[in-house]
Structures are given as C-alpha cells and as structure tokens.
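Protein chains in written order, with numbering that gives the first Met the number 0: chain G, 0 to 469; chain W, 0 to 465. Every residue, glycine too, gets a C-beta built ideally from N, C-alpha and C. Computed from a prediction, not measured in an experiment: that's the story for all the values here. As structure tokens, the structure follows; a few thoughts come after it.
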Amino acid sequence: MSDDKTLGKICALWAGPVAAAAMGLTLSLAGLAAPACWTAAVTTLCAVWWIFEPVPIPATSIIPFALFPLLGVLDHKQVARGYGDSTILLFMGGFMIAQAVEKSGTHRRLALGMVKAVGGKGGRRLVLGFMLAAVVLSMWISNTTTTLMLLPVALAVLEQTDDQQRKVLSVPLMLSLCFGASIGGIGTPIGTPPNIIFIGTYTKVVGKGFSFLQWMKIAIPVMVIMTPITWLWLTRKLGKARAVVIPDLGPWRFEEVGVMIVFVLTALAWIFRADPFGGWSGLIHASGVGDSTVALTAVVVMFLWPNGRSGRLLDWKKASEIPWGVLLLFGGSLTIADAFETSGLSRAIGSSLTGLSTWPMLAMMTTLAVSAGFLTNIMNNTAMAALLMPLLAAAGKSTGLDPILLMMPTVLSVSFAFMLPIGTPPNAIVYGTGHVSIRDMAREGFMINLVGAAVVTIICYLLLPVFIKV
Amino acid sequence: MAEKKTANKLAAMFAGPVAAVVMGLALAAAGLKSPACWTAAVTTWCMVWWIFEPLPVEATSILPFAIFPIVGVLDSRQVAAGYGHEMVLLFVGGFMISQGLGKSGAHKRLAIGMVHLVGGLGGRRLVLGFMLAAVLLSMWVSTTATTLMFLPMMLAVLEQMDEKERKVVAVPLLLSLVLGVNIGAMGTCVSTPPNIICVGVYKDVTGNVMSLARWMKVALPIVILLVPFTWLWLTRKMGRSQPVKLPVLGPWRTEERRIIVVFLITVAGWIFLEGPFGGWQRLLGVKGIGNSTVALLSVMIMFLCPNGHGSRLLDWKTASNIPWGLLLMVGGSMTIGAAFDNSGLSKVIGDKLVGSGNLPLFAIVAMVAAGAGVLTNTMNHTAMAALLMPLLAATGKSTGIDPIFFMMPAAIGIDTAFTTPISTMSNLIIYGTGYVPVRTMIREGCIPNLVGIILVALMCYLLLPR
C-alpha cells in the first residue's frame, strides 16, 4: 500500500514537468510568443502538482514566484506584488479574528446556543440545530475549525441515544456537520479560501473592487436555499425522537463578551462599508478604507482588549498559528493571473474560445457548476480555485464577457465537495469518526452535489446579470 | 516584579498613542498638511511600541496597515503593496533555506569550516573573524544575502555552546554580523541600495560618473576605522574565553552533501547575479531576476531533491517554521516608507535637511550625515535613499555646490542606521533569530551609529575632491 502510494507520488512528480513541456511545446508550435508558452507551461506544472500533491500544496505555490522571473515572464518585483494584494491582508486579518474567537471559546457557546434553541426536541430538529450552527459559524471561521468544534458535541449527543436510534441518527447528524460547514463557507468572502481567490483575481483582472456586501448578495441566496434542502434530504428517513440533553456552559465570561462585541462590530463594518448610501466609509470620507483595513483594525483591537485574566483577547502566539502556507497559495494564484495578462496568454486563450460567447449563458453556467462541483470531490478546493480563477478570468475578459459570469458559478461550486472524504477536510474529519462510511457519504452527497450545481446555476443566472448592470 | 513589568507594559502601551498625538499636533502646529502629520504620528506610535514592546513587534506591525487607510494617507491597496515587496519574498526564501540547512544539520559543517578559517579561536577573536568575513563579502554582495549566508553558521556555533557561554556570546556575535555587513556595504557603491541609488541619481542629475575607485577613496577609510571600533565596542564585555569546542561529526551523510551543494550554488547565484560582466542573469538573457528569485529557486530544489532516506531535503513542516510574523514587519516598514513619500512628509524632511545652502560646507555635510543616519532608524533604508537622493541632488544643484557633498554623506549616513530591526533587512533577520531584543539592538547599535555619523562627516569633508 505504502509502496503504491510512493510510486503514485513519483509518477505525479514526473508528470508535472512532462505535461508542462508538452503544453509549452504545443503552444510554441501553434506560434505563440515565448512568454505565453512559458506561462502556460508553468501553470500546467502547478496544476498537476496541486492536483496530485507530489509535493505539499504551499511548496508548489512557490513555483510561480521562482520561475516567472527566471523565464523572463515577469520580473522579481512584479511577482512579489502578487503576494501584496489587499485580499491577502483581508484573509490574514480574518484568520486572526477567527483565532481570537477560538481562543476565547465564543464559537462553542454560539454553536451550543443554536443547537439548544433549535434542536432540543431531538430527531430532525436536532440535525437542523447542528446544521444551522455549522452554517452560521463557518461563514466566519474556517470550515475545518467549525467541524472540529461541533464534532465532540454531536458525538456526545449520539451517546445518549440507544443503539437502534443511533443507527438512524448518526449518518444524518454527522453529515449535517460537514455539509453545513461547506455550505456556510460560501456565505462571506472570508468564509473559505476560494472566495478570496475569486475576489483577488477578479479585482486584479477587471480592475473593479468587490465588497463584502456584493459577494453576499449572490452567495447568501445560494446558502439560504441549500441549507433547508440539504436538511430535508439528510433527514428524510428520520422520525420524531425523544429530547436530548445539550451540555450547559454556564454564564458568559468576560472575554467571550469582549470577542462577541468586537466580532459583531467587525461584521457590521464589513457589510456596511461601502453600501448603502456610500456606507460608513463615505460618512467619514475615508475612501481608502478596504475590507482588509476593517479586518486588521479589529485584530489590533483584539491585541489590546484585556480578556479579564491578565491577558488579551488575542496574543501573538495564537495569532501566528494561522495557515501562512495558504497565503502563499493565494499569492501564487494572483501571480499566475498576472502572468496570463502580461505574457499575452489571455488574448491567445480568448481568440481560441471565441465560440464561448455564442454559447447560451445557462448552458455555460451549468457546465461550469456541474464540472467544478464534481471535480472538487477529488481535488483540494483552494488549489482548484487557485488554478481555475486566473484561467476563467482570462477566458471571460478576452471573449468580451464579464468574467464574473464564468467565475462566480465555478467558485461557489468549488466549495461543494459532498461526496468523498478526500474532497475537503470537514468530510475527512467526519469520516474519521467511523460513523459514516464512504458509501453513505457518496450516496447522500451525490444528490446534494446535483442540487448544489442546480441552485448555483439558477441563482447566478438570475442574479448576476442584474449585478453586472448596477 | 511581575506587577512592575505589567505596569511598565501598560505605560508603554499608552505612551505610544500619546507620543503619536503630541508628534501629530506639533507638526500640525508647524503648518504641515494633515497626511504628513498623520504619517509622522503613526510612525512615532509604531516606534514607541516597537522599542518598548507592550505588544509583540509582529502585532505592532499591523498598525500601519490598519491606520493609514482610515486616516487617508494610503488606500487599502497601497498598504497591501508594502506586503508584496520583493524583500518579503527574499525573507521567505532565505529563511526556508536556513530551515533546510538546519534540518539536515549541514549548517554545523559550514560553521566548523568557518571557525577553522578564522583561526579556531573563541570569544572576541571569533567575533572578529566572522565580522571581517561579513565586511569583506558585503562590499560586493547584497547585505541581505551576506547575512542569510552567515546566519546558519553562527546559529550552529551558538548551538554548540552551553547556556552560560551562549548568553555572553550571542548578542556580540549576531550584532557583529549586522554591523559588519552594513559597514562593509559602505565601502563600495555596488552592493547596498542607498549607495547604488546615490550614484545613479548623481549621474542622472549632473552627468558626472562617480566611479567605484572615487567612491572607495572616500568610503574605505570610514570602513577601516569603523570596523575595529565597532568590534571593540561590541565585545567590550567579553573576556578571554576558551576556543570554541568543535563537535566531532561523523562521516558526511548524503543529505548533508546534497544540501551543501544546493547552498553553495545558491550563494554563487547571489554573488554572481549581476556581476562581473553582467552576471549570469545576462548570460540567460533575462533582466527580471532578483535575489528573491534565487532564494525561491533554491527552496524549490530543496523541496524536490531526495535526501537519501525516503524523503526530501526540505519538507513543508520544517519550512513553515519560519518567523512569518516578521513578514508583516518587513511589509510594515515598506508601508511607512510609502506613506512618507505619499504624504509629502519626506519632502518636508528633505527641505529641512538641506534648507540652508549657505551654511559652511562642513555644517552641511555633518547635518546631512546626521539627519540621514538618525532618521533611517525609523524606516527602511532603501525607501529613505530613494526619497532623499533626488531632493539632495536638486538642492545641491540650485546652491551651486557639487551635489555629491550632499548625497554621499547621506548615502553612507543611511548605512549607519544600525539600531532598529526595521532599517535594513539584515537587522530584521537578526532580530528574527530571537537572540537580540529590540532594546539590546538599540543599546549596542547607537554608539557605533553615532561614531559612524561623525566619521562619515569628517571623511566626506576631508576626502571628497572639491
């Protein structure tokens, strides 16, 4: 087994450069200029290695930074700029805020509160309670953390049930956690890394900003529709059951209150930054303020706010535990987007895709949503977004479409990995409990994946044209 | 004790904003525009917190990113650009190389070689040996690259020592590296950005070429005087000590051999990047390669090269141990530089620095050297040079004095900013090792800084041909 795995890795390791060389040679035979060929080759190399992971994903993300200057596509200052994007700072800030929430344990209190309010009666209601908690929390903190945090509570609840009941309840309850986390992740720009990659790439390529509220206008409807559908589907075999006892956490502690105040203010500041009526940044005439500014200000406040036991809401030790490697991945993706533009590869892609603009919009969106939604089950969500976003942005821009029409359905679907444990960490965590087999997950998730693709397509088809016009 | 410490921290925490308000109001009263006042205020705030550390320096580094957009000095995209500076990438790459060397243990072999080279002695002689090597190399190679090169060796030497000895040796040894590379860099106009910018701007403005030989005639005496002084100052508390105990290492292992090869190629890549004869960059026919590219290529190779027993020379777990938070500090100092420029504050400073062209020549030279040498402790040296040089050149021209009398003291003065982690990357890298707190760096660095400024003023006045 282990030998097989090593062999697979070695194949993948070699497949990268080979595929890159093949891609580069093909394009150069087709008459493209050298920088465009190199860009395509480097992107192919990253694609193969991001997909099959012969080296860790963040390590692969260093490749664009190292190779583009060497090959003369971008100079070393230009590649560095990919790492200095305000979306990267936004995500850094968002991660650090989430760390403070975790440190204080506020997320646990919120989750239990929701489970208690909704699910105290047991059965289907119980699953709904957990699912809502997962959805709401993972809008703001990482999907993985959400799942990890809810899991022990859910397992404790399962232990209260008798054998027969547990058999029926365990699969829906467990899956409601990871599916809820994935669905909630799309809700805000900081919910999950692909969202940020979309915003960063879109801003870079189109040159228009993309605010918190703009994202939520499209993503929240998808989230709101998906949640009840998923719940109904998962609990279709569940009847009523007896009430369960949810652990009690005692009164609110000082630091929890502090985190809650900062957090709610931050969320409000994000949402009402530029809208409506110019938002609060218009009121104070601070046009230079971005979402990243809000996030980092909140982080500074948390570094200063006492936690009631001679520490602060956030200390550097906890803050520095954010996944820095993911930030490298963002940077790598933005650098690839830059190279596409600079090398002229985008134009080449555009001219070969002129047929695309004649496709009916609905067909195009459906294709993207379905293929992204199923592919993401075997690929890392973030790496997939890092790869697809520059490509789709280039394709959209050069064929005269607003790239958002291609990018939005894709980026939403990329988060919808419901069928396999390897699709996304929350699935893997739930699978790891042993309560859910791969067959269970695939059977239940297949339908959600289909429904997800449909919902994404319909919402994007209906809302995006309105959005573009504004 | 603990309570006193808390009280101090609390005081420092309030001192930051208070000092900022005072600075801002003072400048506003002096008639400066509001962005310039804000920039000065935020910089003051950061300096106070960086020095007294009521918050960890990494957390303080977030301040410029958060505040500048709110007060309208820079917008959120401009501040982010500071985080996307090629120095940030060089920092990532350089530290990952260090991690790779550390993982294989090969840095110990490098260190032993180096200690042999400087005579195998401990204590003050060891510091002198390393310092001389750093000075000589950094005259020709970028200071950051030189620092990254020597650091793993120094850390390996420190690892060999017992707790007590390490406490005595760590600070002088590591600071001898920072001060050594910065002093060495003064000697030529090819290795450190301030000098390169100085020569470039001088040629643009006057049409005259400042040749390497002319530069060295003035600068080399400064280096020759400053090196022994700095060495004596840094090692003043070190007594005689035993020769360094060298561990006996077994035969070379595969991974050690491989990583040393990668490291040597990297070093060669740094040294010969741009010269001689245009360097290997020109051989390849590309222009955009920087030190960061070399570092990251080397990291890539380490990720790919097998280590001879089933894994790679570098894995992500080891690589991700680099001090990520300091990237924020690099970015923060770049952002402050950008804010100085954008808000017009730098122009005000420049005008003040050279305000009176009819002062005696020595006063001008001394003032420029002192101003540059002191102010650069608050911001990145490259940014400082980029904004000062054009101003000084213009002032020189308008007053009829050869601009080199303004520019060269400023450039070399900038190189004497030894005292804070933010002025040069080398300072920051050493800070990143955790052995040297900000306050120690300031305490040990301020005297050489002062002496350096005096030497610069004297030598430039005496040796520059009129």
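Cutoff 6 Å; reference residue i; Cβ partners in own chain excluding five residues on either side
i	result
W/Leu-136	Thr-145
G/Gly-15	Leu-44, Val-47 and Trp-48
G/Phe-209	Ile-198, Tyr-201 and Thr-202
W/Asn-306	Glu-254 and Leu-312
G/Ala-155	none
G/Met-0	Low confidence applies to G/Met-0: its pLDDT is 42, below 50, so where it sits in the model is not reliable enough to give any reading.
W/Leu-26	Cys-36 and Ala-39
Option nearest residue i by Cα separation, candidates the options
i	options	result
W/Asp-350	W/Leu-31, W/Ala-25, W/Leu-327 and W/Gly-330	W/Leu-31
W/Val-126	W/Phe-361, W/Glu-158, W/Ala-169 and W/Thr-439	W/Ala-169
W/Glu-57	W/Gly-331, W/Ala-19, W/Cys-445 and W/Asn-448	W/Gly-331
G/Arg-252	G/Met-173, G/Pro-408 and G/Arg-107	G/Arg-107
G/Val-170	G/Gly-451, G/Tyr-82, G/Val-429 and G/Thr-456	G/Val-429
W/Cys-45	W/Val-87, W/Ser-33 and W/Phe-64	W/Phe-64
G/Ala-180	G/Val-465, G/Ser-414 and G/Phe-445	G/Ser-414
G/Leu-6	G/Gly-23, G/Gly-30, G/Glu-52 and G/Leu-26	G/Glu-52
W/Cys-459	W/Trp-323, W/Val-222 and W/Leu-263	W/Val-222
G/Lys-76	G/Phe-211, G/Thr-432, G/Leu-419 and G/Thr-334	G/Thr-334
G/Gly-433	G/Leu-157, G/Thr-226 and G/Ala-416	G/Leu-157
W/Gln-98	W/Arg-438, W/Ala-318 and W/Ala-382	W/Ala-318
Neighbourhood of residue i by C-beta, 8 Å cutoff - its chain only, sequence neighbours within 5 removed
i	result
G/Ile-61	Leu-327 and Gly-331
W/Arg-465	Asp-401
W/Ile-259	Ala-105, Arg-108 and Leu-109
G/Lys-216	Leu-462 and Phe-466
Supposed contact pair residue j and residue i - C-beta distance, whole angstroms, cut 8 Å
i	j	result
W/Ser-342	W/Val-72	5 Å
G/Val-298	G/Leu-313	7 Å
G/Val-454	G/Val-221	6 Å
G/Leu-111	G/Pro-246	7 Å
G/Gly-190	G/Met-130	Going by Cβ atoms, the distance from G/Gly-190 to G/Met-130 rounds to 16 Å, so no, they are not a contact pair.
Interface residues of chain G facing residue i [CB-CB closer than 7 Å]
i	result
W/Thr-292	Ala-65, Pro-68, Leu-69 and His-75
W/Met-299	Ile-61, Ile-62 and Ala-65
W/Leu-296	Ala-65 and Leu-69
W/Phe-302	Val-54 and Ala-58
Beta-carbon proximity list for residue i, same chain, < 7 Å, skipping 5 on both sides
i	result
G/Trp-323	none
W/Leu-463	Val-217, Ile-403, Phe-404 and Met-407
W/Pro-68	Asp-74, Ser-75 and Val-78
G/Arg-124	Val-117 and Gly-118
W/Met-0	At W/Met-0 the pLDDT is 43, less than 50, meaning the model places this residue with poor confidence and gives no usable figure here.
Residue i: contacting residues in chain W (beta-carbon distance under 7 Å)
i	result
G/Gly-81	Gly-83
G/Leu-295	Ile-61, Phe-64 and Ala-65
G/Gly-343	Under the 7 Å cutoff, chain W gives no residues; its nearest Cβ is about 16 Å from G/Gly-343.
G/Ser-291	Ser-75 and Ala-79
G/Asp-84	Ala-79 and Gly-83
G/Val-298	Ile-61
Proximal residues of chain G, C-beta to C-beta of residue i below 9 Å
i	result
W/Trp-315	Val-54, Pro-55, Ile-56, Pro-57, Ala-58 and Gly-324
W/Gly-287	Phe-67, Pro-68, Leu-69, Gly-71, Val-72, Leu-73, Asp-74, His-75, Lys-76, Gln-77 and Val-78
W/Val-87	Ala-79, Tyr-82 and Gly-83
Per-residue contacts from residue i into chain W (C-beta, under 8 Å)
i	result
G/Ala-285	Pro-68, Ile-69, Val-70 and Gly-71
G/Leu-88	Phe-64, Ser-75, Val-78, Ala-79 and Tyr-82
G/Ser-319	Glu-57, Trp-323 and Gly-324
G/Val-17	In chain order: nothing, as chain W lies at least about 14 Å away.
Within chain G, partners of residue i - CB distance below 8 Å
i	result
W/Pro-55	Asp-314 and Trp-315
W/Ser-319	Pro-57, Trp-323 and Gly-324
Partners in chain W for residue i, counting only beta-carbon separations shorter than 9 Å
i	result
G/Val-204	Neighbours of G/Val-204 on chain W: none; closest Cβ ~14 Å, over 9 Å.
G/Phe-302	Leu-54, Pro-55, Ala-58, Thr-59 and Ile-61
G/Val-288	Pro-68, Ile-69, Gly-71, Asp-74 and Ser-75
G/Val-258	The contacting residues do not exist; G/Val-258 stays about 16 Å from chain W at best.
### Query
In chain order, which continuous runs of the alpha helix (DSSP H) of length 4 or greater are located wholly inside the stretch 285-368 of chain W?
Listed in chain order, the complete alpha helix (DSSP H) runs (minimum 4 residues) inside the stretch 285-368 of chain W are 290-303, 315-318, 324-342 and 344-352.
### Task
Mind listing, in chain order, the continuous alpha helix (DSSP H) runs of no fewer than 4 residues lying wholly within the stretch 210-245 of chain G?
For the stretch 210-245 of chain G, whole alpha helix (DSSP H) runs of length 4 or above, ordered along the chain, are 211-233.
### Query
Where are the alpha helix (DSSP H) runs, 4 residues long or more, that stay fully inside the stretch 170-254 of chain W, in chain order?
192-205 and 211-233
### Task
Ignoring anything shorter than 3 residues or poking outside the stretch 241-316 of chain G, list the beta strand (DSSP E) runs there in chain order.
The DSSP assignment places no complete beta strand (DSSP E) segment of no fewer than 3 residues inside the stretch 241-316 of chain G.
#### Entry: In chain order, each alpha helix (DSSP H) run of at least 4 residues that lies wholly inside the stretch 29-115 of chain W
33-51, 56-59, 61-70, 75-82 and 85-103
### Task
Enumerate, from N- to C-terminal direction, the unbroken alpha helix (DSSP H) stretches of 4 or more residues contained entirely within the stretch 407-460 of chain W.
Qualifying alpha helix (DSSP H) stretches, in chain order: 424-431.
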